[in-house]
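K.L.:
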Amino acid sequence: MVKNKTNYNKLADYYDLIYSITPPNDGVFYKKYIDKNTEVLEMGIGTGRVFLNFFDLGVKWTGIDYSEEMIEKCKEKIEPLQPLKEKINLVVEDMTQIDIRKEKQSIHNKLFDLVIYPSHSLMSVGNENNQKKALCSGLKHLSKNGLIIFDLHNPNNYFLDKNYKILGTKTINKIKYKLFSKSSIDYQSKLHSNYMILEFENNKIKFESHEYFLYLEDVINLSDELNFEIVDIYGNYEMDPFIEDSDELIIIGKKKDVG
0 MVKNKTNYNK
10 LADYYDLIYS
20 ITPPNDGVFY
30 KKYIDKNTEV
40 LEMGIGTGRV
50 FLNFFDLGVK
60 WTGIDYSEEM
70 IEKCKEKIEP
80 LQPLKEKINL
90 VVEDMTQIDI
100 RKEKQSIHNK
110 LFDLVIYPSH
120 SLMSVGNENN
130 QKKALCSGLK
140 HLSKNGLIIF
150 DLHNPNNYFL
160 DKNYKILGTK
170 TINKIKYKLF
180 SKSSIDYQSK
190 LHSNYMILEF
200 ENNKIKFESH
210 EYFLYLEDVI
220 NLSDELNFEI
230 VDIYGNYEMD
240 PFIEDSDELI
250 IIGKKKDVG
């Protein structure tokens with residue numbers, strides 16, 4: 000069992016609200032890699048936040064999440080959206096050990112044009128060893144000419160917040176929501192823990208999220224070990240080049256050509 004793992008089952012009821020308060024604005028980014036003919040494997044689909052940007056295209060989409068509650072929230076969103084809901088396949092599973100077959104009796108893995116780990120989902124699976132397993136799961140389901148994309152927080156920007164600070168506010172149906180956060184950092188374990196409080200009306204709800212971070216040199220070492228090629232590295236969803244103090248560390252990779 001992974002220590003310091005985010006409890007997404009607890010988070011499921013407020014997941015979309017939190018992302019509406021602090022939106023990552025990554026939809027336009029993914030649109031550069033997805034069209035109606037793209038078959039997508041999403042590692043950590045959550046409540047379907049990214050997928051729903053492409054629903055009208057009829058993209059064939061497989062979403063993985065180990066949280067049953069997250070998957071149920073996703074199902075609730077897509078259930079009314081006939082007939083395109085048949086285009087999505089939802090699987091409750093840990094992304095470190097998925098095994099999707101072309102057909103039930105086939106010995107061959109189903110291959111996808113694009114494998115994505117959005118919303119920093121690779122950071123949520125545990126330490127670097129688990130992250131390696133999660134990437135292996137994606138790579139074995141990646142087509143020969145496909146791309147693998149994962150985003151990471153840039154650890155160069157981490158700093159210790161001992162006191163709660165406001166992350167953002169949003170008013171929905173005349174109710175004002177406020178999101179506060181503080182953090183702790185364990186550099187030895189490469190663990191960043193975020194402690195959040197969501198306040199609205201007379202409610203105060205506490206959450207924790209735990210992310211294991213990677214530096215760029217760690218990613219390069221993983222790419223060598225797992226035999227995938229880094230095609231591009233971006234520092235944000237606007238696709239600016241990665242620099243030391245970029246907000247994000249976004250990796251675009253592909254399988255290495257076998258000579």
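Note that numbering that gives the first Met the number 0 has the sequence shown beginning at 0, numbered continuously upward.
Note that CB positions come from ideal geometry on N, CA and C, so glycine has one too.
In this text, all values refer to a predicted model and were calculated from it rather than measured experimentally.
(1) Taking the DSSP output, what are the residues bridged to residue 62?
(2) So, helix, strand or coil for residue 245, using DSSP?
(3) Who are the near neighbours of residue 92 in its chain, counting only those whose CB is closer than 7 Å to its CB and skipping five residues on each side?
(4) Rounded to whole angstroms, what is the Cα-Cα separation between residue 239 and residue 148?
(5) Locate the alpha helix (DSSP H) running through residue 8, then write down its first and last residues.
(6) For residue 46 versus residue 167, is the C-beta distance shorter than 7 Å?
(7) From which residue to which residue does the alpha helix (DSSP H) around residue 146 run?
(8) With DSSP as the reference, label residue 199 as helix, strand or coil.
(9) Taking the alpha carbon of residue 189 as the reference point, which residue from 76, 36 and 130 has its own alpha carbon closest?
(10) For residue 230, name the three-state secondary structure that DSSP assigns.
(11) Contact check, residue 197 vs residue 178 under 8 Å by CB: the rounded distance?
(12) Figure out for me which residue from 186, 133, 210 and 185 has the closest Cα to the Cα of residue 152.
(13) Could you tell me the alpha carbon to alpha carbon distance between residue 310 and residue 26, rounded to whole angstroms?
(14) Ends of the beta strand (DSSP E) at residue 112?
(15) Using only alpha-carbon positions, find the residue among 156, 114, 172 and 125 that is nearest to residue 136.
(16) Can you tell me where the alpha helix (DSSP H) with residue 129 in it begins and where it stops?
(17) CB-CB under 6 Å to residue 222, same chain, minus the five flanking residues each way: which ones, in chain order?
(18) Which residue or residues does DSSP assign as beta-bridge partners of residue 207?
(19) How close, in whole Å, do the beta carbons of residue 49 and residue 29 come, if the pair is a contact with beta carbons under 8 Å?
(20) For residue 158, name the three-state secondary structure that DSSP assigns.
(21) Tell me, which residues are paired with residue 240 by DSSP?
(22) Grab me the residues of residue 117's own chain with a C-beta within less than 6 Å of its C-beta, minus the 5 sequence neighbours each way, in chain order.
(23) One question on the structure: do residue 244 and residue 155 come within less than 7 Å of each other, judged by their Cβ atoms?
(24) Going by Cα to Cα distance, which pick from 236, 78, 213 and 246 is closest to residue 124?
(25) When you compare only the Cα positions, how much space is there between residue 143 and residue 254?
(26) Suppose you measure from the CA of residue 99 to the CA of residue 206; what does that come to, to the nearest Å?
P.N.:
In short, the structure shows the following:
(1) Sequence index remark: in the sequence shown, residue 62 carries index 63 (1-based). Note: residue 62 sits in a beta bridge opposite 41 and 89.
(2) Along the sequence shown, read from residue 1 onward, the residue named residue 245 stands at position 246. Residue 245: coil per DSSP, three-state reduction.
(3) Taking the sequence shown and counting its residues from 1, the one referred to as residue 92 is at position 93. For residue 92, where only same-chain residues beyond five positions count, the Cβ hits under 7 Å are 63 and 65.
(4) Translated into the one-based positions of the sequence shown, residue 239 becomes position 240. Translated into the one-based positions of the sequence shown, residue 148 becomes position 149. Taking the straight line from one Cα to the other gives about 16 Å.
(5) Here residue 8 refers to the residue found at position 9 when the sequence shown is read from its first residue. Start and end: 7-10.
(6) For the purposes of this step, residue 46 is taken as the residue at position 47 of the sequence shown. For the purposes of this step, residue 167 is taken as the residue at position 168 of the sequence shown. In this structure, the beta-carbon distance from residue 46 to residue 167 does not fall below 7 Å.
(7) Position 147 of the sequence shown holds residue 146. Taken as a continuous stretch (DSSP letters only), residue 146 belongs to no alpha helix (DSSP H), being part of the beta strand (DSSP E) at 141-152.
(8) Working through the sequence shown from its first residue, we reach residue 199 at position 200. In the three-state reduction of the DSSP assignment, residue 199 falls in the strand class, which pools E and B.
(9) Taking the sequence shown and counting its residues from 1, one reaches residue 189 at position 190. Distances from the alpha-carbon of residue 189 to those of 76, 36 and 130 put 130 closest.
(10) The residue given as residue 230 occupies position 231 in the sequence shown. In the displayed model, residue 230 falls within a strand according to three-state DSSP.
(11) Residue 197 sits at position 198 when you count from the first residue of the sequence shown. Residue 178 sits at position 179 when you count from the first residue of the sequence shown. Correct: roughly 6 Å between the Cβ atoms.
(12) Numbered from its first residue, the sequence shown carries residue 152 at position 153. Selected option, being the one with the closest Cα: 210.
(13) The structure shown does not extend to residue 310, since the chain is modelled only from 0 through 258, so no value can be given for it.
(14) Start at 1 with the first residue of the sequence shown, and residue 112 comes out as number 113. Looking at the DSSP string, the run of the beta strand (DSSP E) that includes residue 112 is 111-116.
(15) For this step, residue 136 is matched to residue 137 along the sequence shown. Checking every option, the nearest Cα to that of residue 136 belongs to 114.
(16) Taking the sequence shown and counting its residues from 1, the one referred to as residue 129 is at position 130. It spans 127-138 - the alpha helix (DSSP H) in which residue 129 sits, taken as one unbroken run.
(17) Translated into positions along the sequence shown, residue 222 becomes position 223. Closer than 6 Å at the Cβ level, and outside the excluded window around residue 222, lie 229.
(18) Your numbering for residue 207 matches position 208 in the sequence shown. Bridge partners of residue 207: 194.
(19) For the purposes of this step, residue 49 is taken as residue 50 along the sequence shown, with counting starting at 1. For the purposes of this step, residue 29 is taken as residue 30 along the sequence shown, with counting starting at 1. Going by Cβ atoms, the distance from residue 49 to residue 29 rounds to 6 Å, so yes, they are a contact pair.
(20) Along the sequence shown, read from residue 1 onward, the residue named residue 158 stands at position 159. Reduced to three states, the DSSP call for residue 158 is coil.
(21) By 1-based counting over the sequence shown, the position of residue 240 is 241. DSSP lists 233 as partners of residue 240.
(22) Translated into positions along the sequence shown, residue 117 becomes position 118. Excluding positions up to five away in sequence, the list reads 49.
(23) As a first step, residue 244 must be located in the sequence shown, where it is residue number 245. As a first step, residue 155 must be located in the sequence shown, where it is residue number 156. In this structure, residue 155 lies closer than 7 Å to residue 244 by Cβ.
(24) Working through the sequence shown from its first residue, we reach residue 124 at position 125. Distances from the CA of residue 124 to each of 236, 78, 213 and 246 were compared; the closest alpha carbon is that of 213.
(25) By 1-based counting over the sequence shown, the position of residue 143 is 144. By 1-based counting over the sequence shown, the position of residue 254 is 255. Distance between the alpha carbons of residue 143 and residue 254 is about 7 Å.
(26) As a working note, residue 99 is residue 100 in the sequence shown. As a working note, residue 206 is residue 207 in the sequence shown. Cα to Cα, the separation comes out at about 32 Å.
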